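Enquirer: Residues -19 to -1, 1 to 331 (mature numbering (1 follows the signal peptide of the UniProt record, and there is no 0)) make up the sequence shown, in order. By construction, the Cβ of each residue, glycine as well, lies at the ideal position given by its N, Cα and C atoms. Keep in mind it's a predicted model, so treat the numbers as computed, not measured.
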Amino acid sequence: MGNIHALVLAALLFRVSRADTLYSVTSNGPTTFLGSNNGIGSWFRADNSQDSTNGHSWCSFPYKDYSMGFAPDLQAMTAGSNAVYPNSLWYKYGGQYCGLEAWVYNPANGRNLTMYIIDGFSHQWVLTPGSIDLMLGAYTSLAGYYPGSKNNVLSGVQWGFTGRRSQKYSFEGPGDSTDNRVGNGGSCSASTDCQSLCCTSSGQCTSAGSGCVASTSAVKLVSAPSSSSAVSTSSSGTPTYQNGGLGSWVPCSQSSQCANNCCSKEYSNDGNYKCTPGGTKCLSVALYNDWSYCNVSSTCSSGCCSSQYSGGVYKEVAAAEGLPWATGLIALTVATVSMVAVVPRPRTAF
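Dropping the structure here:
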């Protein structure tokens, strides 16, 4: 594919190649990358010798350039072992991290997208501990342009886990086995409809160039709150934050403060709770600043250590109100599998 020098500043849609199921991580959850992380965001292709990839992930499933995910530091995920097939620790850590859902935020343009861990990033290419390697389609969507070279990297990318896991991208899951996108000359409505990742304004897939179009219709974008956000006071003296438009959403700690009774970080661009027009993850309890800090659920009297209601910081919460991580690692019994060179890819240096 050729280089794209300019692209409409709008995020690309990901087309789901097969049904996926998301479930809460109540066991075998992450023990590193907790809270909010940040670093550079580089990019890689799913099946390209220059990127040391062959279409098969370290997570033991097939993937494509459009797969909605990224790769964190392999050494950090595997507790320093850098385990790959057939090392028994590969099964352990692959099961622990693959498929974890995360919010990924690009401060340069305010885009906040949901992605999944789909591979391991070889430690020798990790610039800083929180740096991630984004699949080509994920990078294009987060950046707003198609990268022209490995020198194209995103600075200050922020990301963190949501407490859920994708069944499709879990260890040894189905992944993306077939490319359902359209070849050159076919009809399209967004650039991710095309194998070339380029859809013209006339609705036709073509080789990558400067005339590609994008779509924003399924991307969650929220601007940071401004000082002009509307705040009123109720008869009881409790401040009530009004729902603003993009650029005027305000922080909150409980849903009763918001006009729409929804305090959530589901659409937040920085991982903080804000009054939103609505959503599926509105707070049902207040955020308490005096909740105890924790790192595993076994240390909590409630049995639940979670960042769900504490702005990304792990604290002890009521078990009914949080998504707990593991109380301990679960032994995995995995049958021997036959696979094609499932090794972590070192990204080409830039």
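(1) Once you ignore the five residues that flank G75 on each side, which residues in its own chain have a CB closer than 8 Å to its CB?
(2) Check for me: the alpha helix (DSSP H) holding T121 runs from which residue to which?
(3) To the nearest angstrom, how far is the alpha carbon of C243 from that of P232?
(4) Determine the burial state of Q139: buried for a count of at least 16 other Cβ atoms within 10 Å of its Cβ, exposed for fewer.
(5) Using CA atoms only, rank isn't needed, just tell me which of S237, G167, G80 and T181 is closest to residue 332.
(6) Go through its chain and collect everything with a Cβ distance to N68's Cβ below 8 Å, but skip five positions before and after it.
(7) Does the distance from the CB of S136 to the CB of I21 come in under 7 Å?
(8) I'd like to know whether the C-beta atoms of G111 and N18 end up nearer to each other than 7 Å.
(9) Report the CB separation of K149 from D32 in whole angstroms; it is logged as a contact under 8 Å.
(10) Which first and last residues belong to the beta strand (DSSP E) in which Y74 is found?
(11) With DSSP as the reference, label L55 as helix, strand or coil.
(12) So, under 8 Å CB-CB, T121 and L178 are touching, yes? Tell me the CB distance rounded to an integer number of Å.
(13) Mind checking which residues open and close the beta strand (DSSP E) that includes T95?
(14) Just confirm the distance between the C-beta atoms of residue 332 and P43, as a whole number of angstroms; I'd bet it's less than 8 Å.
(15) By the three-class DSSP mapping on this structure, what secondary structure does W106 have?
(16) Work out the CA separation of G10 and G115 for me, nearest whole Å.
(17) Quick check on the burial criterion: 16 or more other C-beta atoms within 10 angstroms. Buried or exposed for L123?
(18) Is the Cβ-Cβ distance between A57 and T13 less than 7 Å?
(19) Between P53 and the ligand PLP, is there a pair consisting of the residue's CB and a ligand heavy atom that are separated by less than 6 Å?
(20) Please look up how many angstroms separate the CB atoms of C186 and G166, rounded, as I've assumed it's under 8 Å.
(21) Using three-state DSSP, classify Q238 as helix, strand or coil.
(22) Could you say which of Q105, S237 and G118 lies nearest to Y97 if we only look at CA atoms?
(23) Buried or exposed: which applies to N161, given that a residue is buried once 16 or more other Cβ atoms fall within 10 Å of its Cβ?
(24) Take the Cβ of residue 332 as the centre, count every other Cβ of all protein chains shown within 10 Å, and call the residue buried at 16 or more, exposed below.
(25) Among residues of its own chain, excluding the 5 on either side of D28, which ones have a beta-carbon nearer than 7 Å to its beta-carbon?
(26) Under the rule that 16 or more other beta-carbon atoms within 10 Å means buried, what is Y86, buried or exposed?
(27) Do the CB positions of L3 and S147 come within less than 7 Å of each other?
(28) Using the rule of at least 16 other Cβ atoms within 10 Å of the residue's Cβ for burial, across every protein chain shown, is A89 buried or exposed?
Expert: Judging by the given coordinates:
(1) As a working note, residue 75 is residue 94 in the sequence shown. Counting only Cβ-Cβ distances below 8 Å, and skipping sequence neighbours, we find W39, C40, S41, F152 and E153.
(2) If you number the sequence shown from 1, residue 121 lands on position 140. Its alpha helix (DSSP H) spans residues L117 to A124.
(3) Your numbering for residue 243 matches position 262 in the sequence shown. Your numbering for residue 232 matches position 251 in the sequence shown. Approximately 11 Å, taken between the alpha carbons.
(4) Locating residue 139 in the sequence shown gives position 158, counting from the first residue. Per the 10 Å Cβ criterion, buried.
(5) Absent from the structure is residue 332, since the part of the chain shown begins at -19 and ends at 331.
(6) Position 87 of the sequence shown, counted from the first residue, corresponds to residue 68. Cβ neighbours of N68 beyond the five flanking positions: S62.
(7) Taking the first residue of the sequence shown as 1, we reach residue 136 at position 155. Taking the first residue of the sequence shown as 1, we reach residue 21 at position 40. Yes, the Cβ-Cβ distance between S136 and I21 is below 7 Å.
(8) Residue mapping note: residue 111 aligns to position 130 of the sequence shown, counting from 1. Residue mapping note: residue 18 aligns to position 37 of the sequence shown, counting from 1. Cβ distance < 7 Å, so G111 and N18 count as in contact.
(9) Counting from 1 along the sequence shown, the entry for residue 149 is found at position 168. Counting from 1 along the sequence shown, the entry for residue 32 is found at position 51. The pair is not a contact, with the Cβ atoms about 22 Å apart (cut-off 8 Å).
(10) The residue you call residue 74 lines up with position 93 of the sequence shown. From DSSP, Y74 is part of no beta strand (DSSP E) but of the alpha helix (DSSP H) over S69 to Y78.
(11) For the purposes of this step, residue 55 is taken as the residue at position 74 of the sequence shown. Helix, per DSSP.
(12) Looking up residue 121 in the sequence shown gives position 140. Looking up residue 178 in the sequence shown gives position 197. Contact between T121 and L178 is confirmed by a C-beta separation of about 6 Å, below the 8 Å threshold.
(13) Taking the sequence shown and counting its residues from 1, one reaches residue 95 at position 114. Here the beta strand (DSSP E) through T95 covers R92 to I98.
(14) In the structure as shown, the chain starts at -19 and stops at 331, and residue 332 therefore has no counterpart that could be examined.
(15) Mapped onto the sequence shown, residue 106 falls at position 125. In the structure shown, W106 sits in a helix (DSSP, three-state: H, G or I).
(16) As a first step, residue 115 is located in the sequence shown; it is residue number 134 there, counting from the start. As a first step, residue 10 is located in the sequence shown; it is residue number 29 there, counting from the start. According to the sequence shown, residue 115 is Leu rather than Gly. Each residue's Cα considered, the two are about 22 Å apart.
(17) Mapped onto the sequence shown, residue 123 falls at position 142. Answer is buried; the Cβ neighbour count reaches 16.
(18) Residue 57 sits at position 76 when you count from the first residue of the sequence shown. Residue 13 sits at position 32 when you count from the first residue of the sequence shown. Closer than 7 Å, so yes.
(19) This structure simply doesn't include the ligand PLP, nor any ligand for that matter.
(20) Within the sequence shown, residue 186 is the residue found at index 205, counting from 1. Within the sequence shown, residue 166 is the residue found at index 185, counting from 1. Their Cβ separation, rounded to whole angstroms, is 6 Å, which keeps C186 and G166 in contact under 8 Å.
(21) In the sequence shown, counting from the first residue as 1, residue 238 sits at position 257. Correct three-state label for Q238: helix.
(22) One-based indexing of the sequence shown puts residue 97 at position 116. Nearest neighbour of Y97 by Cα position, chosen from Q105, S237 and G118, turns out to be G118.
(23) Walking along the sequence shown from the start, residue 161 turns up at place 180. Its Cβ having fewer than 16 others within 10 Å, N161 is exposed.
(24) Outside the shown range of the chain, which is -19 to 331, sits residue 332, and nothing can be said about it.
(25) Indexing the sequence shown from 1 puts residue 28 at position 47. So the qualifying residues of the chain are T34, N35 and G36.
(26) Translated into the one-based positions of the sequence shown, residue 86 becomes position 105. When all chains shown are included, Y86 counts as buried.
(27) Reading the sequence shown from its first residue, position 22 is the one you call residue 3. Reading the sequence shown from its first residue, position 166 is the one you call residue 147. Against a cut-off of 7 Å, the Cβ pair of S147 and L3 comes out as a contact.
(28) For the purposes of this step, residue 89 is identified with residue 108 of the sequence shown, where counting begins at 1. When all chains shown are included, A89 counts as exposed.
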